[in-house]
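Notes follow once the structure below has been shown.
Numbering (my numbering), first residue to last: 4 to 169.
This is how it looks when you write it as structure tokens:
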């Protein structure tokens, strides 16, 4: 079975990724459901399932039932980008349920836990003092010699002979 990644979107616009060891607790859940963070290792958090994709990269769509693929006729929405008004396009999408072939699951934080996601993922924000201490290194510019102009081959005048034999 392939690795399943979860992508967690925070309220401040940052996203975090984690590879899940087991997807069994998530199989059968559908888009729009809330998910307790304890199931995936984030105690105190609550998430909303907002999307995902299967092993071939087809996006999950809320109005298609199940975890199967379907070729739908659509004019807007997930997986569809049409600029002409009134035009329909046939697109392949995956249903709204998480299945065994789901590779990516997108989540949105609805309730935060005690620890911040930065701490849980090991991302440490630098303090302004630490940023001031690190001075950018001065770059040493190397002087490059200008490329020499290629000499044009000397043209033979009509009366001159060349050393080359024909």
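We put the CB at the ideal spot given by N, CA and C, even for glycine.
Enclosing beta strand (DSSP E) for residue i [first to last residue]
| i | result |
| --- | --- |
| residue 57 | 49-57 |
| residue 104 | Note, residue 104: premise wrong, no beta strand (DSSP E); not H, not E. |
Bridge partner(s) assigned by DSSP for residue i
| i | result |
| --- | --- |
| residue 109 | 10 and 54 |
| residue 29 | None, per the DSSP bridge assignment. |
| residue 114 | 49 |
| residue 22 | 8 |
| residue 39 | 49 |
Test: residue i CB closer than 8 Å to a CB of chain D
| i | result |
| --- | --- |
| residue 103 | Judged by its chain identifiers, the structure shown contains no chain D, having just a single protein chain. |
C-beta contact flag for residue i and residue j at 8 Å
| i | j | result |
| --- | --- | --- |
| residue 116 | residue 48 | yes |
| residue 50 | residue 111 | yes |
| residue 100 | residue 70 | yes |
| residue 30 | residue 102 | yes |
| residue 97 | residue 74 | no |
| residue 85 | residue 7 | no |
| residue 21 | residue 58 | no |
Bounding residues of the alpha helix (DSSP H) (the contiguous stretch that carries residue i)
| i | result |
| --- | --- |
| residue 177 | Any answer about residue 177 is impossible in this case: the structure gives the chain only from 4 up to 169. |
| residue 76 | Premise fails: residue 76 lies in the beta strand (DSSP E), 72-77, not in any alpha helix (DSSP H). |
| residue 91 | Careful: residue 91 lies outside any alpha helix (DSSP H) and carries neither H nor E. |
| residue 122 | 120-124 |
beta-carbon residue i near the ligand ADP non-hydrogen atom, thresh 7 Å
| i | result |
| --- | --- |
| residue 24 | This structure does not include the ligand ADP; it has no bound ligands of any sort. |
Requested in this report: Report yes or no: do the stretch 11-19 and the stretch 62-78 share at least 3 C-beta pairs separated by less than 8 Å?
Outcome: no
Query raised in the report: Do three or more CB pairs link the stretch 63-75 to the stretch 117-127 at distances below 8 Å?
Result: no
Query - Any 3 or more C-beta pairs closer than 8 Å across the stretch 30-45 and the stretch 88-95 - result: No, the stretch 30-45 does not touch the stretch 88-95.
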